[in-house]
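Student: Chains A and B, in that order, are what the protein sequence lines are.
Taking my numbering, the leading residue of the first sequence gets 202, the next gets one more, and so forth.
Taking my numbering, the leading residue of the second sequence gets -7, the next gets one more, and so forth.
We put the beta carbon where it would ideally sit given N, CA and C, even for glycine.
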Amino acid sequence: MNVFPAAVLDAVSWVGERALSTRRHQKEATRSRVLDAARDLFDSVGYDETTVRAIARRAGVSVGSVFTTFAAKAEILSHVMQERLEDLYAELDRVAPNLRGSTADRLRSIFAIHYSFEARHTRLFLAHIAAAFDWSLHAAARPYGRTPRLREILRDCLADGRERGDVHPDVDLEQVIDLLMAAYAWTYRLAAWEKCDSGTMSAVMDQQIGLIAHGFAGPSPGRG
Amino acid sequence: MKPMTGPISAAAETQVKVPTRRAVAKQQTRQRVLAAARRLFSEQGYEGATIRDIASAAGMSTGAVFANFSDKADLFREIMIVDMGRLGERMREAAEPGGDPEEVLVRIFTAGYAFYQGQLPLARAAFSVGWSPDEGKVLRTEPATQVLRDIIKGALVDGVARGELIDDPQIELRGRMLYDCYLSNYIAAVFGGSTLEALHDKAREQIRILLASARRS
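1. Could you give the C-beta distance for VAL74 of chain B and VAL25 of chain B, rounded to a whole number, given that I count them as a contact under 8 angstroms?
2. Roughly how many angstroms separate the alpha carbons of SER1 of chain B and LEU67 of chain B, rounded to a whole number?
3. At which residue ranges does the segment 69 to 135 of chain B contain complete alpha helix (DSSP H) runs of 4 or more residues, listed in the order of the chain?
4. Tell me the rounded alpha-carbon separation between VAL267 of chain A and VAL235 of chain A.
5. Tell me, please, whether the segment 377 to 397 of chain A touches the segment 315 to 334 of chain A by the rule of three or more beta-carbon pairs shorter than 8 angstroms.
6. Would a check of beta-carbon distances place PRO135 of chain B closer than 8 angstroms to chain A?
7. How is GLN198 of chain B classed by DSSP in three states: helix, strand or coil?
8. When you compare the CB of ILE410 of chain A with every CB in chain B, is at least one pair closer than 8 angstroms?
9. Please classify LEU114 of chain B as buried or exposed, where buried requires at least 16 other C-beta atoms within 10 Å of its C-beta.
10. For GLY423 of chain A and LEU327 of chain A, I'd like the C-alpha separation in whole angstroms.
11. From the DSSP output, in three-state form, read off LEU300 of chain A for me.
12. Name, please, each residue of chain B whose Cβ falls closer than 9 angstroms to the Cβ of PHE417 of chain A.
13. List the residues of chain A that ARG116 of chain B touches, going by C-beta distances under 7 angstroms, in chain order.
14. Quick check on GLY128 of chain B - is its C-beta less than 8 angstroms from some C-beta in chain A?
15. Distance cutoff 8 angstroms, beta carbons only. Does ALA153 of chain B sit that close to anything in chain A?
16. Counting only beta-carbon atoms, is ALA166 of chain B nearer than 8 angstroms to chain A?
17. Give the straight-line distance between the Cα atoms of ARG224 of chain A and ARG350 of chain A, rounded to the nearest whole angstrom.
18. Measuring only the C-alpha atoms, how far is SER310 of chain A from ASP379 of chain A?
19. CB-CB under 7 angstroms to SER317 of chain A, same chain, minus the five flanking residues each way: which ones, in chain order?
20. Suppose you measure from the CA of ARG301 of chain A to the CA of ASP373 of chain A; what does that come to, to the nearest Å?
21. Could you work out which residues of chain B lie near ILE330 of chain A, taking near to mean beta carbons separated by less than 7 angstroms?
22. Rounded to whole angstroms, what is the Cα-Cα separation between ARG31 of chain B and ASP150 of chain B?
23. CB-CB under 6 angstroms to ARG254 of chain A, same chain, minus the five flanking residues each way: which ones, in chain order?
24. Any C-beta of chain A within less than 7 angstroms: which residues of the segment 180 to 195 of chain B qualify?
25. Between ILE314 of chain A and ALA386 of chain A, is the Cβ-Cβ spacing less than 8 angstroms?
26. Cα separation between GLY170 of chain A and ASP126 of chain B?
27. Between LEU170 of chain B and ILE144 of chain B, which are expected to be in contact by the criterion C-beta below 8 angstroms, what is the C-beta distance as a whole number of angstroms?
28. Is the beta carbon of GLN409 of chain A less than 8 angstroms from the beta carbon of LYS194 of chain B?
29. On a CA-only basis, which of A:PHE334, A:CYS358, A:ARG232 and A:ASP335 is nearest ALA508 of chain A? Give me that one, please.
30. Where does ARG208 of chain B fall in DSSP's three states?
31. For ALA384 of chain A, which residues in chain B fall below 8 angstroms Cβ to Cβ?
32. Taking contact to mean at least 3 C-beta pairs separated by less than 8 angstroms, is the segment 75 to 84 of chain B in contact with the segment 94 to 114 of chain B?
33. Can you list the residues of chain B that ILE314 of chain A reaches, using a CB-CB cut of under 9 angstroms?
34. Which one of B:ASN60, B:ARG141, B:GLU95 and B:ALA41 has the shortest CA to CA distance from MET164 of chain B?
35. Look at LEU97 of chain B and ILE199 of chain B and say whether their C-beta atoms are less than 8 angstroms apart.
36. Is it the case that the Cβ atoms of ALA333 of chain A and ALA414 of chain A are separated by a distance below 8 angstroms?
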């Protein structure tokens, strides 16, 4: 039997909801503090060198509360990268409609924008790619290669090229995209090893795009 | 008195050929650690497998593991070098019959995917190491990795010799891009569950695209 009057029950549930929303609010605050701290440390110290303990210390939260929000360091990285990439994609959305020239040149512009955004974080980007293969990665995390946004941008650009007669209708666009993504990722590797700037990265990518562009211009006469 | 030189020199020769019991024991220990490590890297990934776990799976102390390998990266590299050696043999066999460079390259790539088909978790661990900023560079510059790249480049050089590809300064770039294309398809194998047949078709189209600029028109 219910011993509490309805009004009391309402009040209890109201307090309960409020507690819940406070908790949610706290969790959100922890999350953004952790991400801010992680971004700073990843940039200044490096991904491998940064421990979850160090992130917690800088964020002013306990190690335990970091782990109630994120399953692993790799997941924190994927969120840091996602936030950063959102700014990049916003920039690309502004630029994409104004791109002119051949499909190869448009692709060059798209990647040059990427490199000018990311050139200062090449090691972090490599860690981001490496983390895509990490076991501890949470299923909901969006590591490198599973972010569909860049693929969409490239697909639009190539489909556009196909309409303009720049890209041969028989060419499988998904394979072209895979090749561009492989070249894109490789350039980060080069940059991290050779410590080159965004201009050099773009120049290397331009060459690779040139080679791929021969392939999407039409079927080869060799085998047909 | 008979001269003693004969038997002594024979014994000395035997000693050179037969390793000491200690060397054999050390070799066996290494093999046990490598087998355990291979299994744990496949089950838990590179990050997840600790030296402590590997030692206990091999039935020995962490000290005994460290007596043979300087660290986890060293242990993993050793596994990779052994595998890449075998993989190189398969790829070379696949390349041997020769033919059109596109065909040869498709066979080389497919030999690689077939090799790793039964051990994709280990391939996945290899990629997580291969892309890490420091250890990746070490792995990439290993002679065993260089062999794989040379086999791919060899197919291009043969294509030029056969007159099917033009001799242009982009051969290095093309070879490197082919190698990276070969590697990047493991993403589809590991996460997309692509079959060997699907990988074969995918590789063929990609190889065709990458060779186009070297085709005689």
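Tutor: So, from the data block:
1. Along the second sequence, one-based indexing puts residue 74 of chain B at 82. Along the second sequence, one-based indexing puts residue 25 of chain B at 33. 13 angstroms between Cβ atoms; not a contact.
2. In the second sequence, the residue the question calls residue 1 of chain B occupies position 9. In the second sequence, the residue the question calls residue 67 of chain B occupies position 75. Interpretation of SER1 of chain B is limited by its pLDDT of 49, a score under 50 that renders its predicted location unreliable; no figure is taken from the coordinates.
3. Segments of the alpha helix (DSSP H) lying fully in the segment 69 to 135 of chain B: 93 to 109, 112 to 122 and 127 to 132.
4. The residue you call residue 267 of chain A lines up with position 66 of the first sequence. The residue you call residue 235 of chain A lines up with position 34 of the first sequence. Cα to Cα, the separation comes out at about 7 angstroms.
5. yes
6. Reading the second sequence from its first residue, position 143 is the one you call residue 135 of chain B. It does not: the Cβ of PRO135 of chain B has no partner Cβ on chain A nearer than 8 angstroms.
7. Numbered from 1 along the second sequence, position 206 holds the residue referred to as residue 198 of chain B. Helix at GLN198 of chain B.
8. Walking along the first sequence from the start, residue 410 of chain A turns up at place 209. Closer than 8 angstroms: no.
9. Here residue 114 of chain B corresponds to residue number 122 of the second sequence, with the count starting at 1. With 16 or more other Cβ atoms within 10 Å, it is buried.
10. Here residue 423 of chain A is taken as the residue at index 222 of the first sequence, counted from 1. Here residue 327 of chain A is taken as the residue at index 126 of the first sequence, counted from 1. Bear in mind that the predicted position of GLY423 of chain A carries a pLDDT of just 41, short of 50, making it too unreliable to give a figure here.
11. Position 99 of the first sequence holds residue 300 of chain A. Correct three-state label for LEU300 of chain A: coil.
12. As a first step, residue 417 of chain A is located in the first sequence; it is residue number 216 there, counting from the start. By Cβ distance, chain B contributes ILE201 and ALA204.
13. Against the second sequence, residue 116 of chain B aligns to sequence position 124. The contacting residues are PHE334.
14. Translated into positions along the second sequence, residue 128 of chain B becomes position 136. Output row for GLY128 of chain B: interface = yes.
15. In the second sequence, residue 153 of chain B corresponds to position 161, counting from 1. Residue-level contact check: ALA153 of chain B does not touch chain A, since none of the beta carbons of chain A fall below 8 angstroms from its beta carbon.
16. For the purposes of this step, residue 166 of chain B is taken as residue 174 along the second sequence, with counting starting at 1. The residue you asked about is not Ala; residue 166 of chain B is Arg in the sequence shown. Closer than 8 angstroms: yes.
17. In the first sequence, counting from the first residue as 1, residue 224 of chain A sits at position 23. In the first sequence, counting from the first residue as 1, residue 350 of chain A sits at position 149. Approximately 32 angstroms between the Cα atoms of the pair.
18. Translated into the one-based positions of the first sequence, residue 310 of chain A becomes position 109. Translated into the one-based positions of the first sequence, residue 379 of chain A becomes position 178. Rounded to the nearest angstrom, the two C-alpha atoms are 18 angstroms apart.
19. The residue given as residue 317 of chain A occupies position 116 in the first sequence. Result list for SER317 of chain A: SER399, in chain order.
20. Counting from 1 along the first sequence, the entry for residue 301 of chain A is found at position 100. Counting from 1 along the first sequence, the entry for residue 373 of chain A is found at position 172. C-alpha separation (whole angstroms): 23 angstroms.
21. As a position in the first sequence, residue 330 of chain A is number 129, starting the count at 1. Within 7 angstroms Cβ-Cβ: TRP123.
22. Indexing the second sequence from 1 puts residue 31 of chain B at position 39. Indexing the second sequence from 1 puts residue 150 of chain B at position 158. Between the alpha carbons of ARG31 of chain B and ASP150 of chain B lies a gap of roughly 39 angstroms.
23. On the first sequence, residue 254 of chain A is found 53 positions in, with the first residue counted as 1. So the list reads VAL264, once near-sequence residues are dropped.
24. Taking 7 angstroms as the Cβ-Cβ cut-off against chain A, the residues of the segment 180 to 195 of chain B that qualify are LYS194.
25. As a working note, residue 314 of chain A is residue 113 in the first sequence. As a working note, residue 386 of chain A is residue 185 in the first sequence. No, these two residues do not count as a Cβ contact at 8 angstroms.
26. The structure shown does not extend to residue 170 of chain A, since chain A is modelled only from 202 through 425, so no value can be given for it.
27. If you number the second sequence from 1, residue 170 of chain B lands on position 178. If you number the second sequence from 1, residue 144 of chain B lands on position 152. Contact flag correct, Cβ pair sits at about 5 angstroms.
28. The residue you call residue 409 of chain A lines up with position 208 of the first sequence. The residue you call residue 194 of chain B lines up with position 202 of the second sequence. Contact flag unset, no.
29. The shown model of chain A, from 202 to 425, leaves out residue 508 of chain A, and the question about it has no answer.
30. If you number the second sequence from 1, residue 208 of chain B lands on position 216. Coil.
31. Taking the first residue of the first sequence as position 1, residue 384 of chain A is located at position 183. Contact note: ALA384 of chain A reaches chain B through MET169 and ASP172, using a C-beta cutoff of 8 angstroms and chain order.
32. yes
33. Along the first sequence, one-based indexing puts residue 314 of chain A at 113. By Cβ distance, chain B contributes nothing, its closest Cβ being about 22 angstroms from ILE314 of chain A, past 9 angstroms.
34. Taking the second sequence and counting its residues from 1, the one referred to as residue 164 of chain B is at position 172. Note on residue identity: the sequence assigns Glu, not Met, to residue 164 of chain B. Out of B:ASN60, B:ARG141, B:GLU95 and B:ALA41, B:ARG141 has the C-alpha closest to the C-alpha of GLU164 of chain B.
35. Within the second sequence, numbered from 1, the residue matching residue 97 of chain B stands at position 105. Within the second sequence, numbered from 1, the residue matching residue 199 of chain B stands at position 207. Contact: yes.
36. What you label residue 333 of chain A is simply residue 132 of the first sequence in a count that begins at 1. What you label residue 414 of chain A is simply residue 213 of the first sequence in a count that begins at 1. Going by C-beta atoms, ALA333 of chain A is not nearer than 8 angstroms to ALA414 of chain A.
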